[in-house]
Amino acid sequence: MTPYIHDIGGAPVIIGAGIAGLMTALYLAPQPVVLLSRTALGTDASSTLAQGGLAASVGEDDSPDLHLADTLAAGDGLCDEAMARRVVESVPAAIDSLIRLGVPFDRALDGKLRLGLEAAHSRRRIVHASGDATGHELFRTLLAVAQRTRSITIMEGITALRLVVAEGSTVGLLAGLNSGVFALPTRRVVLATGGIGGLFCDTTNPLSSFGHGLALAACAGAELADLEFVQFHPTALDTERRPMPLISEAVRGEGAVLVDEHGHRFLAATPGAECASRDVVARAIANHLAAGHRVYLDARQCLGQKFAKRFPAIDAACKQAGIDPAVEPIPVRPAAHYHMGGVAVDAEGRSSVGGLWACGEVACTGLHGANRLASNSLAEAVATSAWVAASVAGTSAGWQWPRLPATVPLRPDSSPVRQLVSSALGIFRNGQM
Numbered sequence: 055m056t057p058y059i060h061d062i063g064g065a066p067v068i069i070g071a072g073i074a075g076l077m078t079a080l081y082l083a084p085q086p087v088v089l090l091s092r093t094a095l096g097t098d099a100s101s102t103l104a105q106g107g108l109a110a111s112v113g114e115d116d117s118p119d120l121h122l123a124d125t126l127a128a129g130d131g132l133c134d135e136a137m138a139r140r141v142v143e144s145v146p147a148a149i150d151s152l153i154r155l156g157v158p159f160d161r162a163l164d165g166k167l168r169l170g171l172e173a174a175h176s177r178r179r180i181v182h183a184s185g186d187a188t189g190h191e192l193f194r195t196l197l198a199v200a201q202r203t204r205s206i207t208i209m210e211g212i213t214a215l216r217l218v219v220a221e222g223s224t225v226g227l228l229a230g231l232n233s234g235v236f237a238l239p240t241r242r243v244v245l246a247t248g249g250i251g252g253l254f255c256d257t258t259n260p261l262s263s264f265g266h267g268l269a270l271a272a273c274a275g276a277e278l279a280d281l282e283f284v285q286f287h288p289t290a291l292d293t294e295r296r297p298m299p300l301i302s303e304a305v306r307g308e309g310a311v312l313v314d315e316h317g318h319r320f321l322a323a324t325p326g327a328e329c330a331s332r333d334v335v336a337r338a339i340a341n342h343l344a345a346g347h348r349v350y351l352d353a354r355q356c357l358g359q360k361f362a363k364r365f366p367a368i369d370a371a372c373k374q375a376g377i378d379p380a381v382e383p384i385p386v387r388p389a390a391h392y393h394m395g396g397v398a399v400d401a402e403g404r405s406s407v408g409g410l411w412a413c414g415e416v417a418c419t420g421l422h423g424a425n426r427l428a429s430n431s432l433a434e435a436v437a438t439s440a441w442v443a444a445s446v447a448g449t450s451a452g453w454q455w456p457r458l459p460a461t462v463p464l465r466p467d468s469s470p471v472r473q474l475v476s477s478a479l480g481i482f483r484n485g486q487m
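Each residue of the sequence shown is one higher than the last, beginning at 55 in our numbering.
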């Protein structure tokens, strides 16, 4: 079957309609852009599930230097320091841009932004909305603005199947929908497809997050980087529900403690205790579970009846599972949460393939190193999307459509590999290839 060509006038195409994709499209306005979403908008974007917020040095006792130091420490010496500095210095201005777009960040009685504390942060710097629904509020606001922006064409139910490359540069892509396959000619493609968490049995990501963008980039010949660095969030709600509801780090930031079935606080002697970096806490919990214990997050003393007001989404998820966090501890276990690796990009989000950019979790900017600092993911998305958009806008839209591929790739299915990935690429690593 030969795909038909859908002429978009050479406009750039963004694959993925989460927060990174929406922000890139908005920064490109008024330049025309096409935004592709595999499903109904908001139903498979990991960023809509983000609870904690955005890390930004906007507090009176904070600074970009302090934020940078925390980022580098969490990254275990493997961060790109220049990129990390650029991001942390840019996030406060990005917060201002989001406020102008209408994002309803939580504020204190004096009108200042209410700031949360999360693991491995030395200051309260987590800007949040609706308590623990930051991703949802951010997505909702950005989508509404994008839908009102005439230069943005949103195409739902469209799956990108293959990037078409000629002489080392992108010239278009093949996409599929229920009625068939079509081609979009363009010399400018932005990947904003999210991560790989759906490849794991225990995950906080949508099950559709199985590395779609990585596969597109790899098949196009793009360089990938740091694929071995997968972050496991220490505290996902331990039920049969998939994806697993996240119990935000901010709950521990408010004073909740990790205990076992005997009430023993097994992290008390660890530097940082419950607020140590995610890799430290996740390994400690996994070890305790492997020893035959249960693990719970106990917020009764620090929050009690205030839990539902501070963390309404988490409270609702717990109560749906028959747990009331105000009066009983929450059963938790680690789950695949974020991929630090991805498409290798430069400071403007450009990949090694001409005309191909990456933004958000699918990109490997070097910001996170081996371990992402909590709430740096949304911060990265809103900061780097501006640089990606500027680079895309400054690239020629001219194109020449080559001969179409003879075969159309099948739609991927990640379910057969989840057990293998979970057992072979889990929390514990032995350092061997």
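Backbone N, C-alpha and C fix where the C-beta goes; we use that ideal spot for every residue, glycine too.
Backbone CA spacing between residue i and residue j [nearest angstrom]
i, j, result
"T93", "A323", "46 Å"
"S445", "S223", "15 Å"
"G275", "V225", "13 Å"
"S101", "L357", "26 Å"
"A398", "T240", "21 Å"
"G347", "H190", "Sequence inspection shows His at residue 347; the Gly mentioned does not correspond to that position. Approximately 34 Å, taken between the alpha carbons."
"G129", "G234", "44 Å"
"D150", "A437", "11 Å"
"P297", "R179", "28 Å"
"H182", "Y58", "45 Å"
"A269", "S91", "17 Å"
"M209", "R319", "50 Å"
"L171", "L231", "43 Å"
"G248", "D400", "18 Å"
Extent of the continuous alpha helix (DSSP H) run through residue i
i, result
"F193", "T188 to R202"
"V446", "N430 to A447"
"L76", "I73 to L82"
"R306", "E303 to G307"
"F264", "Careful: F264 lies outside any alpha helix (DSSP H) and carries neither H nor E."
"K360", "Run containing K360: none; DSSP gives neither H nor E here."
Helix, strand or coil at residue i according to DSSP, with G and I counted as helix
i, result
"T213", "strand"
"V141", "helix"
"A412", "strand"
"V112", "coil"
"G170", "strand"
"L120", "helix"
"S101", "helix"
"R404", "strand"
"F482", "coil"
"L427", "coil"
"A147", "helix"
"C133", "coil"
"L321", "coil"
"S184", "coil"
"T207", "strand"
"A94", "coil"
"I377", "coil"
"I488", "Here the chain covers residues 55 to 487 and nothing more, so residue 488 does not appear."
"L89", "strand"
"L300", "strand"
"A460", "A caution first: A460 carries a pLDDT of 49, below 50, which makes its placement in the model too unreliable to give a value."
"L163", "coil"
"H175", "coil"
"A451", "coil"
Range of the contiguous beta strand (DSSP E) that encloses residue i
i, result
"H287", "V284 to L291"
"D314", "V311 to D314"
"T247", "Taken as a continuous stretch (DSSP letters only), T247 belongs to no beta strand (DSSP E), as it is neither H nor E."
"I69", "V67 to I69"
"G234", "G234 to P239"
"L227", "S223 to L231"
DSSP bridge partner residues for residue i (one or two, in chain order)
i, result
"P385", "Y350"
"L278", "V397"
"P158", "Note: P158 sits in no beta bridge, so no partner."
"T257", "A390"
"S331", "According to DSSP, which records beta bridges pairwise, S331 is partnered with nothing at all."
"A272", "According to DSSP, A272 bridges with nothing at all."
"V219", "T224"
"C418", "A398"
Any non-hydrogen atom of the ligand PLP within 7 Å of residue i CB
i, result
"G452", "Although the ligand PLP was asked about, the structure shown includes no ligands whatsoever."
Sequence-distant residues of its chain with Cβ nearer than 8 Å to residue i (five each side left out)
i, result
"E328", "A173, R306, A310, V311, L312, L321 and V335"
"V386", "P288, T289, A290, L291, D292, I301, L312, I339, V349, Y350 and L351"
"R161", "L167 and R168"
"F193", "G72, I73, L76, G96, A99, S101 and T102"
Cβ-based neighbour list, residue i, same chain, cut-off 6 Å, excluding 5 preceding and 5 following
i, result
"Q105", "D186, L300 and S302"
"A440", "Y81"
"A83", "T203 and S205"
"V67", "V88, L238, T240 and V243"
Own chain partners of residue i with C-beta closer than 7 Å, once the 5 adjacent residues on each side are dropped
i, result
"A460", "Residue placement at A460 is flagged as unreliable, the pLDDT there being 49, under the threshold of 50; a coordinate-derived value is accordingly withheld."
"V381", "R354"
"S111", "S117, P118, L120, H121, V142, P146 and R179"
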